[in-house]
Amino acid sequence: MESKSGKYAFWGTILAAVISGAIGLYIHLDGQKETKEIAAKKAEAEKSRDTASVTISDVYIPPVNTIQDSSFFAKISNNSSNVAKDLTVKLNFGEASVSSCETIPNNIFKDQKDFETSIVSFSAGDILKRDSFYIYCLLSSPAFDSILVTGPNLFSSEKYTYKNLETTPKNDGSGFVTFFKVVATIVAVIFIGYFTIVILSLLNKKFQVE
Numbered sequence: 389m390e391s392k393s394g395k396y397a398f399w400g401t402i403l404a405a406v407i408s409g410a411i412g413l414y415i416h417l418d419g420q421k422e423t424k425e426i427a428a429k430k431a432e433a434e435k436s437r438d439t440a441s442v443t444i445s446d447v448y449i450p451p452v453n454t455i456q457d458s459s460f461f462a463k464i465s466n467n468s469s470n471v472a473k474d475l476t477v478k479l480n481f482g483e484a485s486v487s488s489c490e491t492i493p494n495n496i497f498k499d500q501k502d503f504e505t506s507i508v509s510f511s512a513g514d515i516l517k518r519d520s521f522y523i524y525c526l527l528s529s530p531a532f533d534s535i536l537v538t539g540p541n542l543f544s545s546e547k548y549t550y551k552n553l554e555t556t557p558k559n560d561g562s563g564f565v566t567f568f569k570v571v572a573t574i575v576a577v578i579f580i581g582y583f584t585i586v587i588l589s590l591l592n593k594k595f596q597v598e
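First residue of the sequence shown: 389, per the numbering used here; consecutive thereafter.
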């Protein structure tokens with residue numbers, strides 16, 4: 389009897405040790421996981437405090453091709469409260485060749501006379517918060533494929549393609565059509581109301597006679 393009790397106590401002790409070890413290991417691993425999550429969240433918070441975002445707007449090319457060089461214009465704005473650092477701009481003009489380019493406020497191309505390809509890449513440096521950077525180029529034809537802006541502290545790269553180019557809506561008289569529809573609706577409501585009153589009056593007189 390004592391031998392069995394001793395065995396039970398022995399195996400009970402081992403089982404308790406295994407359970408304690410498993411619990412301790414779980415707590416240790418869970419603590420490491422929690423520490424990593426806290427560190428990741430802290431790093432993300434630090435990163436978000438330094439993150440900037442830019443937009444590409446006011447992109448313009450002429451609607452038709454002419455004998456003279458076509459102008460290209462684009463505006464890159466830093467809309468965030470942080471400096472957009474070490475920006476790189478890549479212009480893809482597709483089939484058009486580049487005659488010249490200028491950037492404002494700092495002219496990156498002041499010493500560059502020739503452009504070998506239709507893809508122009510350059511470092512725009514830093515753009516201060518709530519500030520803008522302008523690009524102006526002369527092309528052999530009014531065409532471009534895309535504009536890509538990248539940077540180490542941008543929330544995401546910004547890309548603008550030819551498909552994003554806003555076109556001026558044609559004046560097809562839609563305003564007059566809308567006005568005509570509104571007037572026609574008002575007139576129709578008046579006539580329906582008038583004929584409804586007339587019909588009710590006739591029915592009322594008929595029932596009074598009967």
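Ideal Cβ placement from N, Cα and C applies to all residues, glycine included.
The structure presented is a predicted model; accordingly, all values stated were derived computationally and were not measured.
For the options Lys547, Ile585, Ile580, Thr573, the alpha carbon positioned closest to that of Ser445 is the one of Lys547. Here Ile449 is actually not in contact with Thr491; their C-beta atoms are around 17 angstroms apart, not less than 8 angstroms. With contacts defined by Cβ atoms closer than 8 angstroms, Leu479 and Val508 form a contacting pair.
Closest in C-alpha terms to Thr549, from the list Pro451, Lys498, Gly482, Lys473, comes Gly482. Unbroken alpha helix (DSSP H) stretches of 4 residues or longer found wholly inside the region 431 to 464: none. Beta bridge pairing from DSSP links Thr476 with Ser511, Thr538. Shown here, Asn466 sits in a strand according to DSSP, grouped into three states. Taking C-beta atoms as the reference points, Asn466 and Asp438 fail to come closer than 8 angstroms. In this structure, the CA atom of Lys551 is about 23 angstroms from the CA atom of Phe510. For Phe521, the enclosing beta strand (DSSP E) has its first and last residue at 520 to 527.
Around the CB of Ser458, 16 or more other CB atoms lie within 10 Å, so the residue is classed as buried. With respect to the 8 angstroms criterion, Leu542 and Gly513 are not classified as neighbours on the basis of their beta carbons.
Beta bridge pairing from DSSP links Lys547 with Leu536.
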